[in-house]
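Those letters in the sequence shown? Residues 1 to 158, by UniProt numbering.
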Amino acid sequence: MANQTTQNGTGPARAIMCRGVRGAITVSSDSEDEILEATRELLQAIVAANGINIDDVASVYFTTTTDLTSTYPAYAARQLGWYDAALLCGHEMAVPGSLKKCVRVLIHWNTSKLPKEIVHVYLREARTLRPDRKTIPPIRPRQMNQVEAAVRFLAMTL
């Protein structure tokens, strides 16, 4: 797909790339109806925020926290008519102290948008998951040495 181009109406044609669009939403209980309703709300918000054409969605990966087991959130996408995209569900890692009752989504979308133009959507209590990257811890010096060594090794072998 990278060799195709599209006109965005405001500048030169851009290559179409597969980009990731993230989102998350919480529910109050492990109820099939509530999980499906929340997942539909999340998907509709992501589509609206990014102008996504469903035919451009390659695949979607849904995860739930391990306390949600009553249904597959991917079923909500099918309810919305997402029949041709590949859908997959799994459980999120059970990290101590992490957000509970959360549905997460990663949409693989073929688009000409740049990564900085993509809107990631976090609703309800899931807003706490990404206070826009301000809480990412810095790399400790011990870790940095390993990163620098790997970069130097790659530079020498290329």
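The beta carbon of each residue, even a glycine, is placed where N, CA and C say it ideally should be.
Straight-line Cα distance separating residue j from residue i
i	j	result
F62	I54	16 Å
K116	P96	31 Å
Q4	G23	Caution applies to Q4, whose pLDDT of 47 falls short of 50 and renders its modelled position unreliable; the model cannot decide the point.
E14	N50	A quick correction: the sequence has Arg, not Glu, at residue 14. Between R14 and N50, the C-alpha separation is close to 17 Å.
I16	S112	4 Å
L114	R130	20 Å
E92	I52	25 Å
V21	A85	14 Å
D30	D56	31 Å
A126	S98	11 Å
T39	P12	36 Å
K101	I35	9 Å
A77	A94	25 Å
Identity of the residue in the options nearest residue i by Cα
i	options	result
C18	R130, R127, N110	N110
V105	D84, H91, Y83, V60	V60
V27	E37, V21, G81	E37
E41	D56, S31, I25, I52	I25
L87	A94, Y75, M93	Y75
S70	E125, L80, V103, T128	V103
T58	S98, D67, Y83, T39	This sequence places Ala at residue 58; Thr is not what is there. Nearest C-alpha to A58: Y83.
D67	H108, E32, T128	E32
Start-end ranges of the beta strand (DSSP E) lying completely within the stretch 24-112, minimum 3 residues: Listed in chain order, the beta strand (DSSP E) runs fully inside the stretch 24-112 are 57-64, 86-91, 102-111, counting runs of at least 3 residues.
Three or more beta-carbon pairs under 8 Å between the stretch 35-54 and the stretch 121-128, yes or no? In short, these stretches touch, since the Cβ pair count reaches three.
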